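Note that the protein sequences, when read in sequence, are chains C and V. First residue of the first sequence? That's 106 in the numbering used here, and the numbers climb one at a time after it. First residue of the second sequence? That's 14 in the numbering used here, and the numbers climb one at a time after it. Every residue gets a Cβ at the ideal spot worked out from N, C-alpha and C, and that includes glycine. These figures come from a predicted structure and were not determined experimentally. For reference, the structure discussed in these notes is given below.
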Amino acid sequence: MLRAIKVLRERKQHRDGPYGYLFEPYRGDEVVSLDCETTSLDVKQAEILSIGAVRIKGSRVLTSERLDIKLKPPKTLTGDSIKIHKIRAMDLSEGIEMDEALEQVLAFIGNRPMLGYYVNFDRQMLDKYLRPRHGFGLPNKMIELSHVYHDRIKSQSLGGDVDLRFDTIASKLNLPMLQRHTALGDAITVALMYVRLKYGKAPKA
Amino acid sequence: MPTEFNESNLPFSLLEPDELKLLRGNLDLGYYQQGEYLITAGEAPEGLFIILKGRVRETESLDDGAQQEHVFVHYGSEDYFGAWSALKGKAMHNFIAEEETIAHILPTKVLLELVYSNPRFGDYFSRTLAAKTEIHEQQGEEQGMAEFMLAQVDGECMRDPLIVLEGATLKETTAMMREKHADCVLVRKGARYGIVTGTDLLNAVVLKELSLDTPVSDIASYRLITVEAGDYLFNALTLMTLQHIERVVVMKDHQLLGIIELTDVLSYFSSHSHVIGLRIQRAQTIEDLSRAAHGLNDLIRSLAAHGVKARFAMDLVAAMNERVMAKLFTLLVPEDILPHVCLVVMGSEGRGEQIMKTDQDNAVIMRDGLDWPGREAVLKRFTETLIEFGYPECPGNIMVSNPYWVQHLSDWSQRMSDWAGSADGETMMNLAIAVDAKPVAGNPALFKAARNWFLRQMHDNQVFFSHFSRAALEFDTPLTFFGSIKKREQGIDIKKGGIFPIVHGIRTMALQHRVLETNTFKRIDVLRDQGVLKKQQAGDLVEALSIFVQIRLQQQLARIDDEAFSEAPNLILPERLDRLDKDLLREALHVVKEFKKHLSMRYHLER
């Protein structure tokens, strides 16, 4: 609710600005699957290491139209996150600045709905950098992959909790696990999951 | 791209780094449900599809209302398809997801770019396509190609060049050419050579009215058209045709070696088929013949190495083997006996379908009442000499050294008829071998009398044909329910699974319709002309059989030195096949499967 009000307010402020197109209602049939690799899972402390995104059009994952951004290494790149992402400072030495990255992300997503696995985390991470610079957060419609999955599963079975772990979903959907823990790899996998859920038969619970 | 796109697979491994980048940058992922069409026949496909996960079948597009679809091939993970359709701009077949499928899609535009920028990559597709097109179009080919492709530019067909020095005059040159019976000379000018032909001289003196003292180097042409020594003679001929010239200069490492004249090339090709034969023909002694016979294995190797199709190599080798046997028979059998006996070769030799020297299968038919006391010793020597020549002993002892296979005409005929009436497996096999008999030496009339009598006897005997044909269904065709090649660790027995069903089925039909040919390809042609086989079906069978023979030969040559080879010469190891051959084999096995169905309908066989 709170986000909805915020978005309304920001739209009023920005719809005639240079980023006005972001606030237009979306009428196309594309969705953007996006994933950020970060130094932590706590939005306040975390910093973005890389951003990957692909467009989805109908039952097709447009891997030819993709975003694969590596950022300049943040000062907080520590041992713990290195273990997860296997991204070391040296891997990011050729990264780009956050300003540039945000420009690319906004241009790529436009006003399309954004898809992710725990998409709110990725949105909050991007907003954290967007707000101080532009004065708005992403206004896009958000699609949560685990909700889509949950709804398809629920319609198949009664009661019980649904296992929403990433790996479980991938194996239930019988999808190949692409390079896990790279932003683009995860974005593509999530995109495939989405397409599979939307167009394929419901998976067994 | 961080997906499981395997770039180390052919043909993608042929791409350069920047081309791979282009490829990666343009791949999309498509998701298809079971039954969904990835490519629809008659429409332009989006591009090349590479399966990431799932299974796709390629099927023939059928008219509305037809219930059964004909499946050609199945594609699984990492398989690709659609290139042919994409390059042609129109798909011939349907490509349908057999199960949920995720596939990479490379748009046609980018595929074309890569095909043009990387010739090897392009070749890989065109090679596949050429082979596939062949299956679809069932073209016949010039049999002479086999020899065309064999011949190389070497001393055999090359002339020594006549060379004059720079200062020589037109008059001196003409005199020299006349003396040496040459119609062209090479003129040396510094480090270069130029060519002057008789026509050039004539033009210079008569039309241009040059003085006879003009240096010949003034009228020479220094732009020499050359071929490298060792190049195919066929290429030299092509060059001459393209350039409208009648001679090319042969070079070796920038050294002038000789000249090839058009007439030489033409006469070489017209006589070459006799060259090998002549050696056999001219053999006066068994030793001469032995040398010629031993040369045959090298011939086969070089045929295969030069990419000559097994089917044509087979014709050539069968003809040579026949000549060797005929010659040996005439050398050994007394002259006065020869008109009263007939040597027949049977089985694959009779059909002219062996490539590597295979087991001897031969017999002698004698005129009724002939008394030939010394025959056992002579025929034993015949068999033994053939073994020395490298033709292995027949494990079933179907050889002239075995008196069982040396019979008088009426006994021979009666026995064939007895076999036909008996039901047991061994006599059926004997009969199958015997009906492929072909006379190679002695008096062929004896053989013809036996054959014609047998064919008359069998005509209309439906029970016999039904019984006889059954063997064709005996072995399973190694395809799974899904239609891909069954992976057996020990490989596929291509003879049982592919060759025998076609050969035996065609043999049965040929007997029934009194086709006198013994070669399976020729039998198929005759059966087609008689309307017994549909045109399409005949073409499919010919292609399928050619593919089996070709693939078997490739693997035989690769394994000929292995110890296990002689135990299982018909084994095909699918993992040793490249993609294309695997596809072709798969399609060919499908043809066999269809043919078996056809046989069981025709002869009312129940499985």
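Going by DSSP, what residue range makes up the alpha helix (DSSP H) through residue i?
| i | result |
| --- | --- |
| V:M379 | Where V:M379 is concerned, there is no enclosing alpha helix (DSSP H), although the beta strand (DSSP E) it sits in stretches over 375-379. |
| V:H194 | It is not in any alpha helix (DSSP H) - V:H194 carries neither H nor E in the DSSP assignment. |
| V:N456 | Here V:N456 belongs to no alpha helix (DSSP H), and DSSP marks it neither H nor E. |
| V:S482 | 475-482 |
| V:T440 | 438-447 |
| C:V112 | 107-119 |
| V:L100 | 96-101 |
How many angstroms separate the CA atom of residue i from the CA atom of residue j?
| i | j | result |
| --- | --- | --- |
| C:L235 | V:H106 | 51 Å |
| V:Y44 | V:G363 | 54 Å |
| C:D147 | V:A116 | 37 Å |
| C:D232 | C:R160 | 20 Å |
| C:D227 | C:S155 | 11 Å |
| C:L139 | V:V123 | 26 Å |
| V:V545 | V:E20 | 48 Å |
| V:K340 | V:Q294 | 7 Å |
| V:R388 | V:G403 | 23 Å |
| C:R165 | V:D41 | 7 Å |
| V:L602 | V:G243 | 38 Å |
| V:L399 | V:M442 | 23 Å |
| V:D92 | V:R201 | 58 Å |
| V:E241 | V:P120 | 41 Å |
| V:M412 | V:C355 | 14 Å |
| V:L214 | V:P174 | 17 Å |
| V:Q475 | V:N410 | 31 Å |
| V:V263 | V:N456 | 49 Å |
| V:A390 | V:K509 | 36 Å |
| V:V562 | V:I208 | 47 Å |
| V:E487 | V:F25 | 41 Å |
Tell me whether residue i sits in a helix, a strand or coil according to DSSP, three-state version.
| i | result |
| --- | --- |
| V:I118 | strand |
| V:E348 | coil |
| V:A204 | coil |
| V:N216 | helix |
| C:Y124 | coil |
| C:K303 | helix |
| C:S138 | strand |
| V:H603 | helix |
| C:A212 | helix |
| V:D596 | helix |
| V:I411 | coil |
| V:F608 | helix |
| V:Y417 | helix |
| V:A110 | strand |
| C:R132 | coil |
| V:S613 | helix |
| V:H285 | Only weak support exists for where V:H285 lies, its pLDDT of 48 falling under 50; the coordinates are left without a value. |
| V:D31 | helix |
| C:R160 | strand |
| V:Q294 | helix |
| V:Q165 | strand |
Quick one: using the 10 Å Cβ neighbour count with 16 as the cut-off for buried, is residue i buried or exposed?
| i | result |
| --- | --- |
| C:I110 | exposed |
| V:L270 | buried |
| V:A571 | exposed |
| V:M171 | buried |
| V:H517 | buried |
| V:P132 | exposed |
| V:G157 | With a pLDDT of 38 at V:G157, under the threshold of 50, the modelled position of this residue cannot be trusted, and the question is left open. |
| C:L289 | buried |
| V:P514 | buried |
| C:M175 | With the sequence shown as reference, residue 175 of chain C is identified as Lys, and Met is not the correct amino acid for it. Under this definition C:K175 is a buried residue. |
| C:Y126 | exposed |
Specify, as a first and last residue, the run of the beta strand (DSSP E) that residue i falls within.
| i | result |
| --- | --- |
| V:T72 | 69-73 |
| V:Q46 | Premise fails: V:Q46 is in no beta strand (DSSP E) and is neither H nor E. |
| V:F402 | Looking at the DSSP string, V:F402 is not in any beta strand (DSSP E); the run it does join, the alpha helix (DSSP H), is 388-402. |
| C:I174 | 165-175 |
| 3-residue-minimum beta strand (DSSP E) runs that sit fully inside the region 227-273 of chain C, ordered along the chain | 247-249
| task | Write down every uninterrupted run of the beta strand (DSSP E) in the region 231-278 of chain V whose length is 3 residues or greater and which is fully enclosed by it, in chain order. | result | 239-241, 260-265, 268-274
| request: Tell me the start and end of each unbroken alpha helix (DSSP H) in the region 491-574 of chain V that is at least 4 residues and wholly inside, in chain order. | output: 513-525, 533-542, 548-572
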